[in-house]
Amino acid sequence: MPGEPGQVLTPVRHRAAVLGKPIRHSLSPALHRAAYEALGLQDWSYEAHECDVSGLPELVAGLGPTWAGLSLTMPLKERALLVASNSTDVARRTGAVNTLIRTRDGWRGDNTDVVGVRQALVDAGIVTGGVRRAVIVGSGATARSALAAIADLGVREVELVVRDQPRPSTIAQARDHGMAVQTVRMDDAAADCADAELLINTTPSGAADGLAEAMSRLAARADMRGGVLLDVVYAGWPTALARVAAAYRMTVVPGIEMLIHQAAAQVEQMTGRTAPLAVMQQVGRAAVA
Numbered sequence: 533m534p535g536e537p538g539q540v541l542t543p544v545r546h547r548a549a550v551l552g553k554p555i556r557h558s559l560s561p562a563l564h565r566a567a568y569e570a571l572g573l574q575d576w577s578y579e580a581h582e583c584d585v586s587g588l589p590e591l592v593a594g595l596g597p598t599w600a601g602l603s604l605t606m607p608l609k610e611r612a613l614l615v616a617s618n619s620t621d622v623a624r625r626t627g628a629v630n631t632l633i634r635t636r637d638g639w640r641g642d643n644t645d646v647v648g649v650r651q652a653l654v655d656a657g658i659v660t661g662g663v664r665r666a667v668i669v670g671s672g673a674t675a676r677s678a679l680a681a682i683a684d685l686g687v688r689e690v691e692l693v694v695r696d697q698p699r700p701s702t703i704a705q706a707r708d709h710g711m712a713v714q715t716v717r718m719d720d721a722a723a724d725c726a727d728a729e730l731l732i733n734t735t736p737s738g739a740a741d742g743l744a745e746a747m748s749r750l751a752a753r754a755d756m757r758g759g760v761l762l763d764v765v766y767a768g769w770p771t772a773l774a775r776v777a778a779a780y781r782m783t784v785v786p787g788i789e790m791l792i793h794q795a796a797a798q799v800e801q802m803t804g805r806t807a808p809l810a811v812m813q814q815v816g817r818a819a820v821a
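Here the numbering used here is used: the first residue of the sequence shown is 533, the next is one more, and so on.
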């Protein structure tokens, strides 16, 4: 895009982007660009590109030397693990990559969603060892990231709420963390979710609306004791589940908090600079206000 008359344009020497499908809703460009501006990185750019699972290997293989990193969102996180030349322990443990960093040895895969979930919960007052049992809605890649995060916080028991059958890899990961794991179908989970010390929804927008409706029918109970809900959805806030959780006196943590922290970790890996977290929080929260 041409600049104003007399303006000196800084050439782009470092490129990054978020990939996924759909991608138009993503707030990652706003967060990363705000970080670049705050850090004075005028020769960095961050874009959004639509990409499906089948197109990911070819797209990554075709990126030139100016490309420093990629953020991956649905439905690419599991496929990206196979695209990476090597991956971090947390990426291998969760079977999910949301970050690709160019290195001398190729693309390194990492999973900063784990950092995002953990730090969002810490900000909400969850302390290590403070919660013994958690309920996670979903059993896909984001659920496995949540499992790793809550394992770091000392959670020892987990219930997975699923529409049909949980993924065996997610069950296996929970057991690898030393957790006792149970599963329950979403149609039967309203009471367990309402009573949860920690409830994490990892399903896409709208997928938990039926669960929220079932929970709302229990909302007149006298023994509501509160808890914490982290809903990873950040578009169309508040979600139906967030509204019901608030009625249950839960501390409600919107998905933008997770997104901000995982993006900050990506900025640091891509640029080698400390992320301007306060700036990214201001931009992210304003975008969903």
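Note that CB positions come from ideal geometry on N, CA and C, so glycine has one too.
Three or more Cβ pairs closer than 8 Å define a contact, and the stretch 759-769 falls short of that threshold against the stretch 686-704.
N618 sits exposed, since fewer than 16 C-beta atoms from the chains shown fall within 10 Å of its C-beta. When the Cα atoms are used, Q798 and A777 turn out to be separated by approximately 30 Å. The three-state secondary structure of P589, taken from DSSP, is helix. Here D720 is not bridged, per DSSP, to any residue.
Between the C-alpha atoms of P543 and R624 there is a straight-line separation of about 36 Å. According to the DSSP assignment, S603 belongs to the beta strand (DSSP E) that extends over W599 to L604. As the crow flies, the alpha-carbon of R547 is around 24 Å from that of I788. Per DSSP, the unbroken beta strand (DSSP E) holding T635 starts and ends at T631 to T635.
Excluding five sequence positions before and after R611, the CB atoms of its chain that fall closer than 7 Å to its own CB belong to V585 and L588, given in chain order.
Annotation for D741: A772 place their beta carbon closer than 6 Å to its own, counting only its chain and skipping 5 residues before and after. Between V647 and Q794 the beta-carbon gap is near 6 Å, inside 8 Å, which marks them as a contact. Using a 10 angstroms sphere on the CB of V760, the tally of other CB atoms reaches 16 or more, which defines it as buried.
By the Cβ-count criterion, D645 is buried, with 16 or more other Cβ atoms from all chains shown falling within 10 Å of its own Cβ. As DSSP reads the structure, Q714 sits in a beta bridge with E691.
Each residue's CA atom was taken as its position, placing I555 and L614 some 21 Å apart. The C-alpha of A704 lies about 32 Å from the C-alpha of L591. Under the rule that a run must span 4 or more residues, the alpha helix (DSSP H) segments found entirely inside the stretch 782-807 read 787-803.
Judged by DSSP in its simplified three-state form, D684 adopts helix. Proximity of the stretch 719-738 to the stretch 620-635 falls short of the contact definition, fewer than three beta-carbon pairs being nearer than 8 Å.
In this structure, the beta-carbon distance from D684 to R650 falls below 8 Å.
Restricting attention to D719, L791 and T635, the CA atom closest to the CA of G601 is found in T635. The C-beta of P700 has fewer than 16 other C-beta atoms within 10 Å across all chains shown, which makes the residue exposed.
Looking at the DSSP output, I658 sits in no beta bridge, so it has no partner there. Taking every protein chain shown into account, the CB of A810 has fewer than 16 other CB atoms within 10 angstroms, so this residue is exposed.
Apart from the 5 residues on each side of it in sequence, A675 sits with its Cβ closer than 6 Å to the Cβ of I668, T702 and T734 in its chain, given in chain order. Between D642 and T660, the C-beta spacing is not below 8 Å.
In the displayed model, I668 falls within a strand according to three-state DSSP. Under the three-state reduction of DSSP output, H564 falls in the helix class. Cβ atoms of L750 and A774 stay farther apart than 8 Å, at about 16 Å.
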